[in-house]
Structures are given as C-alpha cells and as structure tokens.
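Per the UniProt record's numbering, the very first residue in the sequence shown carries number 1; after that it's consecutive.
Think of the CB as a built atom: it goes at the ideal place given N, C-alpha and C, for glycine as much as any other residue.
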Amino acid sequence: MAKTIQAPLPGTFYRAAAPGEPAFKSEGDAVAVGDTIGLIEVMKSFTPVVAEEAGRLLAFHVENEDAVMAGQPLYDLDA
Numbered sequence: 001m002a003k004t005i006q007a008p009l010p011g012t013f014y015r016a017a018a019p020g021e022p023a024f025k026s027e028g029d030a031v032a033v034g035d036t037i038g039l040i041e042v043m044k045s046f047t048p049v050v051a052e053e054a055g056r057l058l059a060f061h062v063e064n065e066d067a068v069m070a071g072q073p074l075y076d077l078d079a
C-alpha cells in the first residue's frame, strides 16, 4: 500500500549530501527504517529526512533543490 511522506519542516530539499554526490535514494530503491531519503536546509542548518517505515521508494513529488513547505508531499513509499 502506497503512502505519501510529507516534509517535516519548510526549507530547501536536497536528494544528495553535496553537489556531484550520488542521491541518498532513487525511485525504485529499497528503503529501510532509518535510511536517509534527503535533507532539508533552513538557514544553513541541514535536517535529514529519515524513513520511519520500510518499503520501496515509488516516486518523488519534488526535485533536488526545490523549496518545500511543511506538510508538502515529498515522496511515495510502498510499505
């Protein structure tokens, strides 16, 4: 059953730790509890978006470096 995971806080969403680095997760990847899916940056402070459930990442709703609002859909997880 697919579940949409929302942004926990507003900021800029990053799919990788740094430019040129591989993405934490890509569509189709297996996700375990505790895996980092991305980062949200607010005023140079980076907060990891960590999976609370295991499953498979189906799709992202936002692109790398997109501005996000708290509660905005980030990705779909097939749990």
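**Message:** The beta strand (DSSP E) that contains residue 73, what's its start and end?
**Reply:** One-based indexing of the sequence shown puts residue 73 at position 73. Its beta strand (DSSP E) spans residues 73–78.
**Asked** So the beta strand (DSSP E) residue 3 belongs to, where does it begin and stop?
**Response** The residue labelled residue 3 in the question sits at position 3 within the sequence shown. Where residue 3 is concerned, the enclosing beta strand (DSSP E) stretches over 2–6.
**Item:** Simplified DSSP assignment, three categories, for residue 49
**Value:** Reading the sequence shown from its first residue, position 49 is the one you call residue 49. Reduced to three states, the DSSP call for residue 49 is strand.
**Asked** Which partner residues does residue 56 have in the DSSP bridge list?
**Response** If you number the sequence shown from 1, residue 56 lands on position 56. For residue 56, the pairing in a beta bridge is given by DSSP as 30, 78.
**C-alpha distance - residue 50 paired with residue 38, whole-angstrom precision** = Within the sequence shown, the letter at position 50 stands for residue 50. Within the sequence shown, the letter at position 38 stands for residue 38. If I take the Cα positions, the gap works out to 7 Å.
**Message:** To the nearest angstrom, how far is the alpha carbon of residue 95 from that of residue 53?
**Reply:** The structure shown has nothing for residue 95, since the chain only spans 1 to 79.
**Request:** Measure the alpha-carbon distance for residue 71 versus residue 7 and round it to whole angstroms.
**Result:** Numbered from 1 along the sequence shown, position 71 holds the residue referred to as residue 71. Numbered from 1 along the sequence shown, position 7 holds the residue referred to as residue 7. When rounded, the separation of the alpha-carbon atoms in residue 71 and residue 7 is 5 Å.
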